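What follows is a set of notes on a single structure, which appears directly below.
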Amino acid sequence: MKWLELLSVAGATLVAAVTVVVLYALGVRLTAIAGDAQQPSPKLKRSLAYSCFGLCGVAVLFGLYLIIPYFSKP
Amino acid sequence: MVALVIALALFFDFTNGFHDTANAMATPIATGAIKPKTAVTLAAILNLVGAFLSTEVAKTVSGGIIREGSDAVPITPDIIFAGLMGAILWNMITWLKGLPSSSSHALFGGLIGAAIAGIGFSSVNVETLLQKVILPAIFAPVIAGIVAYLCTKLAYALTARHDPETGDKLTQKRGGFRTGQIFTSSLVALAHGTNDAQKTMGIITLVLIAAGTQAPGSGPQVWVIGACAAAIALGTYAGGWRIIRTMGSGLTEVKPAQGFAAEASTASAILASSHLGFALSTTHVASGSVIGSGMGRKGTTVRWNMVGKIALGWLFTLPAAGIVGALTALLVKTGVVGVVIAAVAGTAAVLFMFVYSSKSAVGHHNAVEVEEAGQAVRFGKKKALARARAQANPEKDNQR
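As they're listed, the protein sequences go chains H and G.
Using my numbering, you'd call the opening residue of the first sequence number 64 and step up by one each time.
Using my numbering, you'd call the opening residue of the second sequence number 25 and step up by one each time.
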């Protein structure tokens, strides 16, 4: 039985999904904070939020990069 | 015969596409994240791209389940023809009846049934079957469900906003997830291409190997990949319209944050297992995720009897398609006349179902797979519930 492979699928799923969701949720949270009325530094928060979204996108692209065989060939 | 089988395989790919559009695009359409037309086009394009990305699953199908090559029993195009017949018929029947089912399992069931009837039990590679099909089928939805549960919890915890002084709930502003859904659902469509289009590629490769035009153990050829990608994209594009008209009831109550979490888990689970060559059912994984994310949000109850119904449907798919495949194999065994009878009967049945479906009111059939998973999770709207309760027994409330 290939329990190890199953386990790695489970692990990869967990890591990938959690990374994407956490980064995106942080971005959403920061956007919400930046939109608040009495907010000392909305610009900083907003740029932080966008960097979260950006990181999230990078994480997705990195995951795809790992999967596509074309890139993993030397 | 080879040409006939390839045509049949491509048709199966097409049915697979329109069976499964809902998996990827039902949630964003329901939450209003993407316009239906855009969504279907996007899904079709991404399916096309996904089909080119990885061919691991195709290798599993062509190289593992039924023994081939010099050391094994000769597998003929006839057997594959019978298996495909079983898969397509079962796919059409479930689509018509609105039974939630997996196209992938229909395919495997049909092939296995045909191989057993046509050659014998020795022809099936039980070990590979268990490792690459049965086990992932059980585990993948569970894994996806657990991950979706955790992700939903996380997403809500991270975006929950309370007033630091009074502890009152602030406006949550979770609208950003709606935009995010466009991306996650695109990923699901991509993942669908990497897993489901592969199955047809595997079948066509199997036929080419069986016919002796390709070396055993080699991967799918480029034109096969192209044709399969095109067929599944077309199917996705064609099927979408029917589904979109009927969507809206089952899944509308999925909140964007939940949809985002569920889709992120679905996409990661499918992509990870495609990469390792596990042929799992996108339908199963998507349903698992939806249920998981439903459990992850407060005030949501899961309708377990509906879940049980869906699970029962999954159990039936493999043997039922197997029986149709086996019967076709027996018919084909009788010679050319048998093949003709099977082909004509199959085409007639498919045509009949198409005509029948277009007659009946706009299809509850199409949307059911994911819609039922959506229905299995009931989203308790607290206010509406309270109101309903108050209306049902006003005295009780007054006494309190």
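Quick reminder that beta carbons are idealized off the backbone N, C-alpha and C, glycines included.
Computed from a predicted structure; not experimentally measured.
Helix, strand or coil, according to DSSP, for asparagine 321/G in the structure here? Looking at the sequence itself, residue 321/G is arginine, so the reference to asparagine does not match. In the structure shown, arginine 321/G sits in coil (DSSP, three-state: anything other than H, G, I, E or B).
Any C-beta of chain H under 8 Å from that of leucine 70/G: Using a Cβ-Cβ cut-off of 8 Å, leucine 70/G does not count as an interface residue toward chain H, since no Cβ of chain H sits closer than that to its own.
Determine the closest residue to alanine 213/G out of Phe76/G, Gly56/G, Thr352/G and Val360/G, with distance taken between C-alpha atoms. Checked all of Phe76/G, Gly56/G, Thr352/G and Val360/G; the closest Cα to alanine 213/G is Phe76/G.
Between alanine 80/H and chain G, is the shortest Cβ-Cβ distance under 8 Å, so that the two count as touching? Yes, contact with chain G.
Nearest-angstrom Cα distance between alanine 385/G and aspartate 44/G? Its pLDDT being 46, under 50, alanine 385/G is placed unreliably in this model, and the value from its coordinates should be taken loosely. Those two C-alpha atoms are separated by around 20 Å.
Going straight from the alpha carbon of serine 116/G to that of asparagine 40/G, what length do you get? The residue you asked about is not serine; residue 116/G is methionine in the sequence shown. Computed Cα separation, rounded: 10 Å.
Neighbour list for cysteine 175/G in chain H, Cβ cutoff strictly below 7 Å: The contacting residues are Ala80, Val81 and Val84.
Buried or exposed for leucine 32/G, going by 16 or more other Cβ atoms inside 10 Å? Of the other Cβ atoms in all chains shown, 16 or more fall within 10 Å of the Cβ of leucine 32/G; this residue is therefore buried.
Measure the Cβ-Cβ separation of isoleucine 69/G and proline 60/G and say whether it is below 8 Å. For the pair isoleucine 69/G and proline 60/G, the CB atoms are not nearer than the 8 Å cut-off.
In angstroms, rounded to a whole number, what distance separates the CA positions of glycine 133/G and alanine 75/H? Each residue's Cα considered, the two are about 29 Å apart.
Residue range of the alpha helix (DSSP H) that includes leucine 304/G: Judged by DSSP secondary structure, leucine 304/G falls outside any alpha helix (DSSP H); it is assigned neither H nor E.
C-alpha distance - isoleucine 228/G paired with threonine 118/G, whole-angstrom precision: Straight across, the Cα-Cα distance linking isoleucine 228/G with threonine 118/G is about 24 Å.
For leucine 124/H, report the span of its alpha helix (DSSP H) as first-last. Leucine 124/H -> alpha helix (DSSP H) spans 105–130.
Tell me, please, whether the CB atom of valine 121/H is closer than 8 Å to any CB atom in chain G? So no, valine 121/H is outside the interface.
Assign threonine 358/G to buried or exposed, taking buried as 16 or more other Cβ atoms, counted over all protein chains shown, within 10 Å of its Cβ. Exposed is the call here.
Contact check, tyrosine 173/G vs glycine 320/G under 8 Å by CB: the rounded distance? Yes, they are in contact, since the Cβ atoms of tyrosine 173/G and glycine 320/G sit about 4 Å apart, within 8 Å.
Compare the C-beta of glycine 117/H against all C-beta atoms of chain G and say whether one is closer than 8 Å. Chain G, which has no Cβ nearer than 8 Å to the Cβ of glycine 117/H, makes this no.
Does the CB of glycine 264/G have a neighbour CB from chain H at under 8 Å? The predicted model places glycine 264/G with a pLDDT of 49, which falls under 50 and marks its position as unreliable; any figure quoted below should be read in that light. Closer than 8 Å: no.
Whose C-alpha, out of Val360/G, Val364/G, Thr260/G and Ala179/G, is nearest the C-alpha of alanine 63/G? Selection Val360/G, Val364/G, Thr260/G and Ala179/G evaluated against alanine 63/G yields Thr260/G as nearest (Cα-Cα).
What did DSSP end up calling serine 71/H once you bin it into helix, strand or coil? Serine 71/H falls in the helix class under three-state DSSP.
At which residues does the alpha helix (DSSP H) containing glutamine 205/G begin and terminate? Where glutamine 205/G is concerned, the enclosing alpha helix (DSSP H) stretches over 200–234.
Can you check whether the CB of asparagine 71/G is closer than 8 Å to the CB of alanine 257/G? Cβ distance < 8 Å, so alanine 257/G and asparagine 71/G count as in contact.
Cα separation between alanine 106/G and aspartate 220/G? C-alpha separation (whole angstroms): 20 Å.
If you reduce the DSSP assignment to three classes, tell me which class lysine 357/G lands in. In the structure shown, lysine 357/G sits in a helix (DSSP, three-state: H, G or I).
Taking a contact to mean a Cβ-Cβ separation below 8 Å, would you say threonine 82/H touches alanine 122/H in this structure? The answer is yes: Cβ separation under 8 Å.
Could you tell me which of Ala253/G, Val248/G and Glu287/G sits nearest to glutamine 205/G, measuring between CA atoms? For glutamine 205/G, the closest C-alpha among the options Ala253/G, Val248/G and Glu287/G is that of Glu287/G.
Does the CB of isoleucine 131/H have a neighbour CB from chain G at under 8 Å? With 8 Å as the cut-off, isoleucine 131/H counts as an interface residue toward chain G.
With a 10 Å radius around its C-beta and 16 neighbouring C-beta atoms as the bar for buried, classify lysine 106/H as buried or exposed. When all chains shown are included, lysine 106/H counts as exposed.
Anything in chain G within Cβ reach of arginine 92/H, meaning under 7 Å, just list it in chain order. Counting only Cβ-Cβ distances below 7 Å, arginine 92/H has contacts in chain G at Leu182 and Thr183, in chain order.
Tell me, to the nearest whole angstrom, how far the beta carbon of serine 313/G is from that of alanine 168/G; I am working on the premise that it is less than 8 Å. The Cβ separation is near 5 Å, so the contact holds.
Is there at least one Cβ from chain H nearer than 8 Å to glycine 200/G's Cβ? At least one beta carbon of chain H lies nearer than 8 Å to the beta carbon of glycine 200/G.
So the candidates are Gln245/G, Ala139/G and Ile58/G; which of them puts its Cα closest to the Cα of aspartate 102/G? Closest by alpha carbon: Ala139/G.
Should isoleucine 162/G be labelled buried (16 or more other beta-carbon atoms within 10 Å of its own) or exposed? With fewer than 16 other Cβ atoms within 10 Å, it is exposed.
Rank Gly346/G, Ala373/G, Ile30/G and Ser127/G by C-alpha distance to the C-alpha of leucine 309/G and give the top, closest one. In the sequence as presented, leucine is not what sits at residue 309/G; that position holds valine. When C-alpha distances from valine 309/G are compared across Gly346/G, Ala373/G, Ile30/G and Ser127/G, the shortest belongs to Ser127/G.
Would you please verify whether the beta carbon of isoleucine 167/G is less than 8 Å from any beta carbon of chain H? Taking Cβ atoms only, chain H reaches closer than 8 Å to isoleucine 167/G, which makes this a yes.
Going by the beta-carbon positions, is the gap between glycine 316/G and glycine 137/G smaller than 8 Å? Not a contact, by the Cβ cut-off of 8 Å.
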